[in-house]
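J.: Position 222, counted from 1, in the sequence shown is what my numbering calls 222; the numbers after and before it change by one each time, with no gaps.
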Amino acid sequence: MLPSPIQALTHPLFTKHQLQVFIKRDDLIHPIISGNKWRKLQGNIEYAKANDYSGILSFGGAFSNHIHALAYACQQQQLKTIGIIRGEPEYQHNYTLSWAKHWQMQLNFVDRITYKRRYQQDYLDELTSQYPDYFIVPEGGTNQLALTGMAGVIDELTNQLEFDSLMLPIASGGTTAGLIAADNGEHQILSIAVLKQAEYLLQEIKALLPNGATSTNWRLLTEFHRGGYAKFSAEDCINLAELTTHFNVPFEPIYSGKMLLALLDLIEQGYFPAGHRIVLLHTGGIQGVSGLINQNRVPEQYIKAIQSHLPSVPRVQ
Ligand SMILES: *Cc1c(COP(=O)(O)O)cnc(C)c1O
């Protein structure tokens, strides 16, 4: 669904601090693929097709939103896919990867040591000689080609509402960089790091920004990771269960949930002046919840709250 819808959120805390809060539902762009991953892939798929590659090769964990989106989006475009997956082949039966296989992705499982080499030129050269007709896209789909697709968010928002801050979760920085480049300093971009010791992302973002991008109207907040990437407490999940029910919007505990909990903390700290208008970008990722449920990582109360928001597509094996 494009443009992705905007929804107003109401909460006693927002009223108390005289804030207006909205959420841009990129999780609803498509029933199958996660919002920001879909947007980031647009430029990469175009590039691969324009340059006559027969497929795309990329990297991810066994529950990766990017791998899931890549497999589907490329199949739609008649491009082949190879996923270099961190971990053991048993993972191929999980929700994320059984769908990736269903969409014809070739899954190559590698150990942690090999996976760590995913940014090293010698490893990338090896992969290129092994798969010369595949365009290699980094983990998370983050590269310069990913930026143009993110501009769609800013274009749509411009027609949808007036606002002061745009808040989103950040992991590899491609989504944030695309928004900063497209927004040109018009709004404050506030990125909530979902992993530990994320200060290095400042450099990553600057490196991704096109030459001449001069906006300084963006912040990286690194204090809201809740223990590290994909880490969270049972209490976080219970809070997110309540908030999912309250807003009738699904929040998973890895990305969108950390953004929402950070928003509530920031408001309590008085971070936003009265009258401020905040847009949360829901980046998607709801497909990952199935993996969390199967691994028993979320309490019953959370499953109850999120159930009706999970993709209705049946599970493949
Ligand atoms: C990958 C992902 C992010 C982080 O995007 P980056 O471009 O890596 O910073 C945020 N939310 C969801 C749901 C994701 O899958």
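Built from N, CA and C at the ideal position, the CB exists for glycine as well.
Bear in mind that the values here come from a model prediction, so they are computed numbers and not experimental data.
#1: Within the present structure, is the beta-carbon of Ile33 separated from the nearest heavy atom of ligand 1 by less than 7 Å?
#2: Three or more C-beta pairs under 8 Å: does that hold for the region 281–300 against the region 218–228?
#3: Which residue's Cα is closest to the Cα of Ala146: Glu46, His276, Met1?
#4: Got a sec? Which residues, its chain only, sit under 6 Å from Arg117 by beta carbon, not counting five neighbours each side?
#5: Cβ of His66 within 7 Å of any heavy atom in ligand 1?
#6: Please confirm whether any heavy atom of ligand 3 lies closer than 7 Å to the CB of Thr176.
#7: Could you name each continuous beta strand (DSSP E) segment of 3 residues or more that falls completely within the region 162–186, going from the start of the chain to the end?
#8: Three Cβ pairs or more, each shorter than 8 Å: is that satisfied between the region 106–116 and the region 14–22?
#9: Whose C-alpha, out of Asn294, Ala207, Ile170, is nearest the C-alpha of Ile189?
#10: By the 10 Å Cβ neighbour count, where 16 or more other Cβ atoms means buried, how is Lys196 classified, buried or exposed?
#11: By the three-class DSSP mapping on this structure, what secondary structure does Lys49 have?
#12: With DSSP as the reference, label Ala8 as helix, strand or coil.
#13: Grouping DSSP H, G and I as helix and E and B as strand, with all else coil, what is Leu209?
#14: Does Gln317 pass the burial test, meaning 16 or more other C-beta atoms within 10 Å, or should it be called exposed?
#15: Give the single residue among Ile84, His187, Gln307 whose Cα lies nearest to the Cα of Gln130.
#16: Three Cβ pairs or more, each shorter than 8 Å: is that satisfied between the region 269–285 and the region 21–29?
#17: Please determine if the region 237–244 and the region 197–214 are in contact, where contact requires at least 3 C-beta pairs separated by less than 8 Å.
#18: CB Thr303 to CB Thr244, shorter than 8 Å?
#19: Do Ser194 and Arg39 have their C-beta atoms within less than 8 Å of each other?
#20: I'd like to confirm something about Ile170: is its beta-carbon nearer than 7 Å to some heavy atom of ligand 1, or not?
#21: Based on the DSSP output, what are the partners of Trp218 in its beta bridges?
#22: Please go through the same chain and pick out, in chain order, the residues whose beta-carbon is closer than 7 Å to the beta-carbon of Met259, but skip the five residues on each side of it.
#23: Would DSSP call Val153 helix, strand or coil?
T.: Walking through what the data contain:
#1: no
#2: no
#3: Glu46
#4: Tyr123
#5: yes
#6: By its list of ligands, the structure shown excludes ligand 3, since it contains just ligand 1.
#7: 165–170
#8: no
#9: Ile170
#10: exposed
#11: helix
#12: strand
#13: coil
#14: In this prediction, Gln317 has a pLDDT of 48, which is less than 50 and means its spatial position is unreliable; what the coordinates show is noted afterwards. Per the 10 Å Cβ criterion, exposed.
#15: Ile84
#16: yes
#17: no
#18: According to the sequence shown, residue 303 is Ile rather than Thr. Going by C-beta atoms, Ile303 is not nearer than 8 Å to Thr244.
#19: Looking at the sequence shown, residue 194 is not Ser but Val. No, the pair does not count as a contact, with Cβ atoms beyond the cut-off.
#20: yes
#21: Ile189
#22: Met167, Leu168, Pro169, Ile192, Leu280
#23: helix
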